[in-house]
Amino acid sequence: MIRDDGNMSALDREALDWLVRLDDQPGDEGVHAAFEAWLESSPAHRTSWDAALDFACTVEAAFPSAIVQDTPPVCDANAPDNVVTLPLPAARQRPAIRRWGLVGGLGLAACLTLAFAPDMALRLRAQEMTGAGEVRSVSLSDGTRITLAPGSAMSFDIGAKTRSAHLLRGRAYFDVAHDPARPFRVMADDTVVTVLGTAFEVDGLSGDSTVAVRRGIVAVDYPGHHPRTVLHRGETVSLEADGKTELGTMRAERVAGWAQGRMFVKDQPVGEVLDALRPWYGGYMVVRGPGLASRRVTGIYDLRNPEAALTALGKAHTIHVRRLTPWLKIVTVE
Numbered sequence: 034m035i036r037d038d039g040n041m042s043a044l045d046r047e048a049l050d051w052l053v054r055l056d057d058q059p060g061d062e063g064v065h066a067a068f069e070a071w072l073e074s075s076p077a078h079r080t081s082w083d084a085a086l087d088f089a090c091t092v093e094a095a096f097p098s099a100i101v102q103d104t105p106p107v108c109d110a111n112a113p114d115n116v117v118t119l120p121l122p123a124a125r126q127r128p129a130i131r132r133w134g135l136v137g138g139l140g141l142a143a144c145l146t147l148a149f150a151p152d153m154a155l156r157l158r159a160q161e162m163t164g165a166g167e168v169r170s171v172s173l174s175d176g177t178r179i180t181l182a183p184g185s186a187m188s189f190d191i192g193a194k195t196r197s198a199h200l201l202r203g204r205a206y207f208d209v210a211h212d213p214a215r216p217f218r219v220m221a222d223d224t225v226v227t228v229l230g231t232a233f234e235v236d237g238l239s240g241d242s243t244v245a246v247r248r249g250i251v252a253v254d255y256p257g258h259h260p261r262t263v264l265h266r267g268e269t270v271s272l273e274a275d276g277k278t279e280l281g282t283m284r285a286e287r288v289a290g291w292a293q294g295r296m297f298v299k300d301q302p303v304g305e306v307l308d309a310l311r312p313w314y315g316g317y318m319v320v321r322g323p324g325l326a327s328r329r330v331t332g333i334y335d336l337r338n339p340e341a342a343l344t345a346l347g348k349a350h351t352i353h354v355r356r357l358t359p360w361l362k363i364v365t366v367e
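Here the sequence shown stands for residues 34 to 367, where the numbers follow the numbering used here.
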C-alpha cells in the first residue's frame, strides 16, 4: 500500500502522480505512452504502480459510489487473494484509470484520506502524535517540556537513572530540565542528541536530520558514521541523505519558529520549503517539477495560514498550484 504523505518514497509519489495524470487526461495517447514507458523501465516502478492499484481496489470496496460507473472494476471480487485485474483492449493492455471522477460528492480526496491514513504501526509505538496543523505541548514528569510540530510522533522514557525521547517522525522542540545525574537523550533515525539542560530543536522532516540549539550546549552523535559534534547557542548540524554532515548557524530566537506559527527561510530549495509546509496543510499535496532543487527561496511565511503561504510562494516563484478538490493540490515547480 502507498504510504502516508510524510513517509512516501519517491517512486510512490511518481505512481500517485501517474494516477492523477491518467485520470486527468484519459484520452491523451502521449500521456499513456509515457506512462507505459515509465512502467516498463524498472521493476521498482511496477511495484509502486501495483501498490497504487491495490489502493484502487481498497477504494472500490470501501467507496463504490466514488467510482465512475461506465468503467469496469479494477479488482475482480472472484479472483483469488483479491488479484488485480485489468481490461484488455484490442491493441495493447492499458490500465483502466478513469474511475476517480467526483460522484455523489465523494472523489479522489476521500479516497486519499483512506489510503494515506497514519501508519498503524507508528501509532502503536508513539505516545504522542499530532495531526495536520496541530502543535502540541507535552510536559514530562522530570519537568522537561516538548513541543511537537504538525505531523509528528514521539515516544519517551523517564526513569530513575535515564531520560530519553525517540522522535519517530517529524520535528520537535525540547526545553530540557537540568539534571546532571540523568543526561537527556533524543534519538531520531541515526542521530543521538545528549543534553544536561538546554533548549533545542530536532527536525527529521525532510529526510535530513537537523539539530538546532536555542540555548545551552548539546552533543550530537551519529553512531558508526561521524565523530561527536558539540553545538552551542545558534549553531546547527544536519545529517544529509548522502551521509555527510553540514554545520551552520542561525539566529537563536528563530530556532523552532514553527512553534509560533512562523517559517523562516533563507536560500533554501523550494522543494524543502514545500516539504516543511506539508504538515500544516489539512489535505494532500502532490509536489513535482524540475525546479524543486534548483529554485531557492528566502522569506518569512505564516504557517497558521498554509494557503496564503503557498500563494505567496507561487507569486514569488514559477510555481503552479492546481486545486483538484479543497483537499488535494498538485504543485508544479518549473
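Even glycine gets a Cβ: it sits at the ideal position worked out from N, Cα and C.
Answer with yes or no whether the minimum CB distance from residue i to chain D is below 7 angstroms.
i, result
"Ala-221", "Considering every chain present, this structure includes no chain D. It has just one protein chain."
For the alpha helix (DSSP H) containing residue i, name the first residue and the last one.
i, result
"Val-306", "303–310"
"Gly-347", "339–349"
"Leu-155", "153–158"
"Ala-193", "It is not in any alpha helix (DSSP H) - Ala-193 carries neither H nor E in the DSSP assignment."
Less than 8 angstroms between the CB atoms is what I'm expecting for residue i and residue j, so what's the real figure, rounded?
i, j, result
"Val-235", "Val-219", "6 angstroms"
"Ala-159", "Ala-186", "4 angstroms"
"Val-225", "Asp-254", "4 angstroms"
"His-265", "Gly-276", "24 angstroms between Cβ atoms; not a contact."
"Asp-223", "Pro-256", "7 angstroms"
"Val-64", "Leu-55", "7 angstroms"
"Thr-351", "Gly-324", "6 angstroms"
For a quick check, are the C-beta atoms of residue i and residue j less than 7 angstroms apart?
i, j, result
"Gly-267", "Ala-285", "yes"
"Tyr-334", "Ala-342", "yes"
"Val-244", "Val-228", "no"
"Lys-348", "Val-354", "no"
"Thr-365", "Arg-321", "yes"
"Ser-242", "Leu-272", "yes"
"Gly-166", "Trp-313", "yes"
"Gly-237", "Ala-221", "yes"
"Leu-5", "Arg-169", "The requested residue 5 does not occur in the structure, where the chain is confined to residues 34 to 367."
In whole angstroms, give me the CA-to-CA distance for residue i and residue j.
i, j, result
"Val-251", "Ser-172", "20 angstroms"
"Met-153", "Glu-161", "13 angstroms"
"Val-263", "Thr-231", "13 angstroms"
"Pro-339", "Ala-214", "43 angstroms"
"Val-310", "Gly-184", "In the sequence as presented, Val is not what sits at residue 310; that position holds Leu. Between Leu-310 and Gly-184, the C-alpha separation is close to 11 angstroms."
"Val-136", "Lys-194", "The predicted model places Val-136 with a pLDDT of 34, which falls under 50 and marks its position as unreliable, so this point remains unresolved."
"Val-319", "Glu-367", "14 angstroms"
"Ile-191", "Leu-157", "19 angstroms"
"Leu-49", "Gln-58", "14 angstroms"
"Ala-70", "Leu-52", "15 angstroms"
"Phe-233", "Gly-249", "8 angstroms"
"Gly-294", "Leu-346", "17 angstroms"
"Ala-368", "Thr-344", "Nothing in the structure corresponds to residue 368, since the chain is present only between 34 and 367."
"Asn-115", "Leu-155", "Note that Asn-115 scores a pLDDT of 35, beneath 50, so its modelled location is shaky; the value from the coordinates is reported in the next line. In a straight line, the C-alpha of Asn-115 is about 26 angstroms away from that of Leu-155."
"Trp-82", "Leu-280", "39 angstroms"
"Phe-217", "Phe-189", "10 angstroms"
"Gly-60", "Arg-356", "21 angstroms"
"Gly-315", "Ala-84", "24 angstroms"
Just to confirm the assignment, what range does the beta strand (DSSP E) spanning residue i have?
i, result
"Glu-279", "278–282"
"Glu-268", "268–272"
"Ala-221", "217–221"
"Ala-67", "Here Ala-67 belongs to no beta strand (DSSP E); instead the alpha helix (DSSP H) covers 62–73."
"Ala-245", "242–248"
"Ala-232", "232–236"
"Pro-260", "259–264"
"Arg-204", "204–208"
"Leu-336", "Leu-336 -> no beta strand (DSSP E), and no H or E assigned at all."
"Ser-172", "169–172"
"Leu-181", "178–181"
"Tyr-317", "317–321"
"Ala-252", "251–255"
On the three-pair Cβ rule with 8 angstroms, is the region 295–306 touching the region 326–341? As far as the Cβ criterion goes, the region 295–306 touches the region 326–341, which means the pair count is three or higher.
Evaluate contact between the region 203–217 and the region 171–187, counting only Cβ atoms and requiring at least three cross-stretch pairs below 8 angstroms. Verdict: yes, contact present.
With a threshold of 8 angstroms, are at least 3 pairs of Cβ atoms found where one atom belongs to the region 74–81 and the other to the region 44–56? The answer is yes - the region 44–56 touches the region 74–81, with three or more Cβ pairs under 8 angstroms.
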